[in-house]
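Take a look at the structure below.
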Amino acid sequence: MPNSDNSWSLDQFQVEPKEGETRFHDFDLAPALMRGIAEQGFKYCTPIQAQVLSHTLAGADAIGRAQTGTGKTAAFLITIIDDLLRHPLEVKRYAGEPRALIVAPTRELALQIEKDARALCKYTGLRVMSVVGGMNFNRQQERLQKSVVDILVATPGRLLDFCTRRDLWLDRVEVLVLDEADRMLDMGFIPDVKRIVRHTPVSQYRQTLLFSATFSQDVMNLAKRWTQDAEVVEIEPTQVTTESVEQMVYIIETSQKYNLLHNLIVKGDLDKVMVFANRRDITRRLCEKLQKKGINAAMISGDVPQNQRLKTLERFRSGRVRVLIATDVAGRGIHIDGVSHVVNYNLPDDPEDYVHRIGRTGRAGATGTSVSFACEDDAFLLPELEKAIGMKLECIYPPAELLDEPEPVRPAKPGEQRERKQPGKASPNESGRQPEGGQADTTATRDSRDESTRNQPE
Numbered sequence: 001m002p003n004s005d006n007s008w009s010l011d012q013f014q015v016e017p018k019e020g021e022t023r024f025h026d027f028d029l030a031p032a033l034m035r036g037i038a039e040q041g042f043k044y045c046t047p048i049q050a051q052v053l054s055h056t057l058a059g060a061d062a063i064g065r066a067q068t069g070t071g072k073t074a075a076f077l078i079t080i081i082d083d084l085l086r087h088p089l090e091v092k093r094y095a096g097e098p099r100a101l102i103v104a105p106t107r108e109l110a111l112q113i114e115k116d117a118r119a120l121c122k123y124t125g126l127r128v129m130s131v132v133g134g135m136n137f138n139r140q141q142e143r144l145q146k147s148v149v150d151i152l153v154a155t156p157g158r159l160l161d162f163c164t165r166r167d168l169w170l171d172r173v174e175v176l177v178l179d180e181a182d183r184m185l186d187m188g189f190i191p192d193v194k195r196i197v198r199h200t201p202v203s204q205y206r207q208t209l210l211f212s213a214t215f216s217q218d219v220m221n222l223a224k225r226w227t228q229d230a231e232v233v234e235i236e237p238t239q240v241t242t243e244s245v246e247q248m249v250y251i252i253e254t255s256q257k258y259n260l261l262h263n264l265i266v267k268g269d270l271d272k273v274m275v276f277a278n279r280r281d282i283t284r285r286l287c288e289k290l291q292k293k294g295i296n297a298a299m300i301s302g303d304v305p306q307n308q309r310l311k312t313l314e315r316f317r318s319g320r321v322r323v324l325i326a327t328d329v330a331g332r333g334i335h336i337d338g339v340s341h342v343v344n345y346n347l348p349d350d351p352e353d354y355v356h357r358i359g360r361t362g363r364a365g366a367t368g369t370s371v372s373f374a375c376e377d378d379a380f381l382l383p384e385l386e387k388a389i390g391m392k393l394e395c396i397y398p399p400a401e402l403l404d405e406p407e408p409v410r411p412a413k414p415g416e417q418r419e420r421k422q423p424g425k426a427s428p429n430e431s432g433r434q435p436e437g438g439q440a441d442t443t444a445t446r447d448s449r450d451e452s453t454r455n456q457p458e
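Residues 1 to 458 (the numbering used here) make up the sequence shown, in order.
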């Protein structure tokens, strides 16, 4: 429901023109949408937003490519919301008939998009809903059957479930968004996406927007098949990885990796750390070892129920979890402010995963640090990784004190602030940021295929 306070006006959202910058004011967006933009603190467009919106707000199809964290989500949400507000339906509406459909490869990404959409729609009266695998099927079905929905965010498998059951009808979709298209291809979802596209109106009767951090030729071929005269917008960074993240590699032996991780966290007094591992069993083992040493750690991976994942992410966001250990299920689409450090406990096999991992820090103008461990098992991946990101990574041996046998850490009591370490002691980048967080139960469904663990090694 829109806020009943109608006293707000665009005069309350003053943004001075700035040379070389595009303001949201410059696009003549609907006032209710501008109020949501103002409340989110958005003032100037990112490059992908400025270029995409100049085409999509006029109704053109678009294929947008930019690295993670550059504002692709807001670009397509603003397009959708403005279009739906300016073209209200005069005919009777029915439940289960969305006007806009956003398809994302993972539950985490879909739920993040839903959250962002609700924030921007706060004063518009538009209704946002998500249907994703791993969440309560009956509850989602009941909402679809009883509620009119304007913007639907979905993962492919669960969306097709409801289409097959005739709880969802996509023949009224006016705007179709396919997000992280390269990831959907990697995860084997393209046959599902093709079926979804066939449920929607033909391309000349819908606006189609396709976004991704990277595009393979296969994805570009699909994009051209699904769009009409699409504007292709590519934002090429000066380097693949962001300059706001300091990157380093520690050369160590496999047997030293846990000690190094523990001491980095404790001796560096790090508060908000994401640790990435390549396998679920490694994340589980690391989490248990850190917890036994008194460090408040939690994990998310493909075998953690979805509701528990969401609650764990919320606890990490609020600062109730100090260290979050994850497989690449968390590598894309999770936006948590204030992550000071990303640790690659294992080097990823795919350089793209490295880019997305370190993109969890250094967001929204902040700086961050990425620390990767290279041992005899995976150091051979470094040349290919450096080639992919277009830069040489600093490879060093860790200081001896970071390899000491860890001492137990006394957990902080509720409300107690841990005593800060003196700066300059064994931390690759001191972080005094105070973080911002939830835990469990779920209903498993056949749509567990919507996890980004389809290609993840066991």
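Note that beta-carbon positions come from the ideal geometry of N, C-alpha and C, so glycine has one too.
### Query
Can the beta-carbon of L33 be found less than 8 Å from the beta-carbon of I63?
no
### Task
Might you give, ordered along the chain, the residues of its own chain that have their beta carbon closer than 7 Å to the beta carbon of L10, omitting 5 neighbours on each side?
P31 and M34
### Task
With a floor of 4 residues, list each alpha helix (DSSP H) that falls wholly inside the stretch 308-387, ordered by position along the chain.
351-358
#### Entry: Rounded C-alpha distance that separates D150 from L126
6 Å
### Query
Rounded to the nearest angstrom, how far is the Cβ of E386 from that of L393, given a contact under 8 Å?
6 Å
#### Entry: Local conformation of Q306 per DSSP, three classes
helix
### Query
In or out: K489 buried (at least 16 other Cβ within 10 Å) or exposed?
This structure leaves residue 489 out entirely; the chain is present only between 1 and 458.
### C-alpha distance - G134 paired with A213, whole-angstrom precision
25 Å
### Query
Given 8 Å as the limit, is there contact between the stretch 170-186 and the stretch 92-105, that is, 3 or more CB pairs closer than that?
yes
### Query
In whole angstroms, what separates the C-alpha of I190 from that of M184?
6 Å
### Task
Within the stretch 159-228, note down every full beta strand (DSSP E) run reaching 3 residues or more, in order along the chain.
175-179 and 207-212
### Task
Assign Y354 to buried or exposed, taking buried as 16 or more other Cβ atoms, counted over all protein chains shown, within 10 Å of its Cβ.
buried
### Query
What's the call for D447, buried or exposed, on a 16-neighbour Cβ count within 10 Å?
Unreliable placement is indicated for D447, whose pLDDT of 38 sits below 50; no coordinate value is reported for it.
### Query
Using the rule of at least 16 other Cβ atoms within 10 Å of the residue's Cβ for burial, across every protein chain shown, is E407 buried or exposed?
exposed
### Query
Per DSSP, what kind of secondary structure is S7 in: helix, strand or coil?
coil
### Query
If you count every other CB in all the chains shown that lies within 10 Å of the CB of S370, and 16 or more means buried, which is it?
buried
### Message
Using a 10 Å radius around the Cβ and a threshold of 16 neighbouring Cβ atoms, would you call P457 buried or exposed?
### Response
Bear in mind that a pLDDT of 38 at P457, under 50, signals an unreliable position, so the number given afterwards is only what the model happens to contain. By the neighbour-count rule (16 or more Cβ atoms within 10 Å), P457 is not buried but exposed.
### Task
Could you tell me how far apart the beta carbons of P399 and I252 are, in whole angstroms, since I believe they sit closer than 8 Å?
With 8 Å as the limit, P399 and I252 do not qualify as a contact, their Cβ atoms being about 11 Å apart.
### Message
Taking the alpha helix (DSSP H) that G64 belongs to, which residues open and close that run?
### Response
Counting along the chain, G64 falls outside any alpha helix (DSSP H), though it belongs to the beta strand (DSSP E) covering A62 to R65.
### Query
What first and last residue would you give for the alpha helix (DSSP H) that runs through I48?
P47 to T56
### Task
Quick one: using the 10 Å Cβ neighbour count with 16 as the cut-off for buried, is D340 buried or exposed?
Here residue 340 turns out to be Ser, not Asp, going by the sequence shown. Buried: at least 16 other Cβ atoms inside 10 Å.
### Task
Could you tell me the distance, in whole angstroms, from the CA atom of L120 to the CA atom of V153?
14 Å
### Message
Can you tell me whether S255 is buried or exposed? The criterion is at least 16 other CB atoms within 10 Å of its CB, across all chains shown.
### Response
exposed
### Query
Between D377 and the rest of its own chain, which residues show a CB-CB distance below 7 Å, the 5 nearest in sequence each way excluded?
T254
### Message
Output needed for R360: all residues of its chain with C-beta closer than 6 Å, excluding positions within five of it in sequence on either side, in chain order.
### Response
M274, V339 and V342
### Query
Is Q14 near the ligand ADP, going by C-beta to nearest heavy atom under 7 Å?
With respect to the ligand ADP, the structure offers nothing, as it holds no ligand at all.
#### Entry: Residue from T56, Q49, F211 and L57 whose Cα sits closest to the Cα of I102
F211
### Task
Would you check if the stretch 42-61 and the stretch 7-26 touch, i.e. whether three or more CB-CB distances between them fall below 8 Å?
yes
### Query
Alpha carbon to alpha carbon, what distance is there between E180 and D61?
16 Å
### Query
Contact check, L402 vs L264 under 8 Å by CB: the rounded distance?
6 Å
### Task
Apply the 10 Å Cβ neighbour rule to Q434 and answer buried if 16 or more other Cβ atoms are within range, or exposed otherwise.
Confidence in Q434 is poor, its pLDDT being 37 and thus under 50, which makes the residue's placement too unreliable to answer from.
### Query
What residue does the alpha helix (DSSP H) around Q247 start on, and which one ends it?
Looking at the DSSP string, Q247 is not in any alpha helix (DSSP H); the run it does join, the beta strand (DSSP E), is V245 to I251.
### Query
Run through DSSP, which three-state label would Y397 get?
coil
### Query
Beta-carbon separation of G59 and Q228 under 8 Å?
no
### Task
Would you grab the beta carbon distance between L144 and D167 for me? Rounded to a whole angstrom, and I think it's under 8 Å.
5 Å
### Query
Can you find a C-beta in chain D that's less than 8 Å from the C-beta of K224?
Of the protein chains in this structure there is only one, and it is not chain D.
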